[in-house]
Amino acid sequence: MIEILSPAKLARARVTGALVGDILATLRERAVVGTNLLEIDAWARTMIEEAGADSCYVDYAPSFGRGPFGHHICTAVNDAVLHGLPHDRALADGDLLTLDLAVSLDGVAADAAVSFLVGEARPAESVALIDATERALAAAIAVAGPDARIGDLSHAIGSVLEAAGYPVNLEFGGHGIGSTMHQDPHVANAGRPGRGYRLRPGLVLALEPWAMVDTDRLVTDPDGWTLRSATGCRTAHSEHTVAVTEDGVEVLTLSSAARDGGALRS
Numbered sequence: 001m002i003e004i005l006s007p008a009k010l011a012r013a014r015v016t017g018a019l020v021g022d023i024l025a026t027l028r029e030r031a032v033v034g035t036n037l038l039e040i041d042a043w044a045r046t047m048i049e050e051a052g053a054d055s056c057y058v059d060y061a062p063s064f065g066r067g068p069f070g071h072h073i074c075t076a077v078n079d080a081v082l083h084g085l086p087h088d089r090a091l092a093d094g095d096l097l098t099l100d101l102a103v104s105l106d107g108v109a110a111d112a113a114v115s116f117l118v119g120e121a122r123p124a125e126s127v128a129l130i131d132a133t134e135r136a137l138a139a140a141i142a143v144a145g146p147d148a149r150i151g152d153l154s155h156a157i158g159s160v161l162e163a164a165g166y167p168v169n170l171e172f173g174g175h176g177i178g179s180t181m182h183q184d185p186h187v188a189n190a191g192r193p194g195r196g197y198r199l200r201p202g203l204v205l206a207l208e209p210w211a212m213v214d215t216d217r218l219v220t221d222p223d224g225w226t227l228r229s230a231t232g233c234r235t236a237h238s239e240h241t242v243a244v245t246e247d248g249v250e251v252l253t254l255s256s257a258a259r260d261g262g263a264l265r266s
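Printed below as a string of structure tokens:
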């Protein structure tokens, strides 16, 4: 199903998106050396519930997972990249942590992810990987807008990742979002420009470039959820929920600080 949001529903999506952005920003600040992944999940639960919202993950039980997910946020460390199931693990200096959060508030969902390094260590390979996913996300946002096609966004993402030397996995990518977390259209992280569904005002998409240093193959943890690089290499994932407008695109999941700075608006 491809859902086109009414102006009233889009206004609610802005509120949900702002909540997601602010929760992720807070969790990023709190995630330090020694922080346990279960603490992050508990903090996320508290902030979501205090806002009167619901995590989209607690009851999430798709065909590819061993559901329900049962936690409020995805926490992926180092070689884990998607659907990271929170567990009893303390963060170490130099860990590459990805937080992926989807929340529903007043009947509208928003989804975002951020990857960052914990502590003081800054391994060059990890810095470059995170930067590539962020640039790929910005490139997709830059070409999104009314009359662009899904293939234009996919091509923009893939071009950045491939130019940086990273293989691209096409199993998981971006997606439509609105009344539910996952909707059509699928937004692959590589593709041909000028192809696919034509974007319309009111369409809301979760764009999520992710990459692994030296492989495009994933393996699944025994927990049935956490997806890791097949070679054990590091991974990164950047995601925003965006809304197509009459004259461009609006990023809905910016934090308050980023919104005040006018970041990522096209």
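For the sequence shown, UniProt numbering assigns the number 1 to the initial residue and increments by one for each residue that follows. In this text, a Cβ means the ideal position worked out from N, Cα and C, and glycines have one as well.
Exercise for the section: Have a look at S266 and I130 and give me their C-alpha separation to the nearest angstrom. Expected result: Note that S266 scores a pLDDT of 40, beneath 50, so its modelled location is shaky and nothing firm can be said.
Practice task
Figure out for me which residue from L105, G107, M181 and D95 has the closest Cα to the Cα of P123.
Solution key: D95
Exercise for the section: Would you mind listing the beta strand (DSSP E) stretches within the segment 179-264 that are 3+ residues and don't spill past its ends, in chain order? Expected result: 183-187, 204-207, 210-212, 218-220, 227-229, 235-237, 240-244 and 249-251
Practice task
Could you spell out the range, first to last residue, of the alpha helix (DSSP H) harbouring H155?
Solution key: I150 to A163
Problem - Chain-order list of residues whose beta-carbon lies under 8 angstroms from that of residue 269 (same chain, five-residue window excluded) - result: This structure cannot settle anything about residue 269, because the visible part of the chain is limited to 1 through 266.
Exercise for the section: Please classify L176: does DSSP put it in a helix, a strand, or coil? Expected result: Note that residue 176 is Gly in the sequence shown here, rather than Leu. Strand at G176.
Problem - DSSP state of T98 mapped onto helix, strand, coil - result: strand
Handout entry: Reduced DSSP secondary structure (H/G/I, E/B, other) of T35
Key = coil
Exercise for the section: Starting from residue 276, follow the alpha helix (DSSP H) in both directions and report where the run begins and ends. Expected result: Absent from the structure is residue 276, since the part of the chain shown begins at 1 and ends at 266.
Practice task
Look up V168 in the DSSP assignment and say whether it is helix, strand or coil.
Solution key: coil
Practice task
Just mark A121 as buried or exposed, buried being the case when its beta carbon has 16 or more other beta carbons within 10 Å.
Solution key: exposed
Problem - Cβ-based neighbour list, G232, same chain, cut-off 7 angstroms, excluding 5 preceding and 5 following - result: D79
Practice task
Out of V187, G107, R234 and A211, state which residue places its alpha-carbon closest to the alpha-carbon of S154.
Solution key: V187
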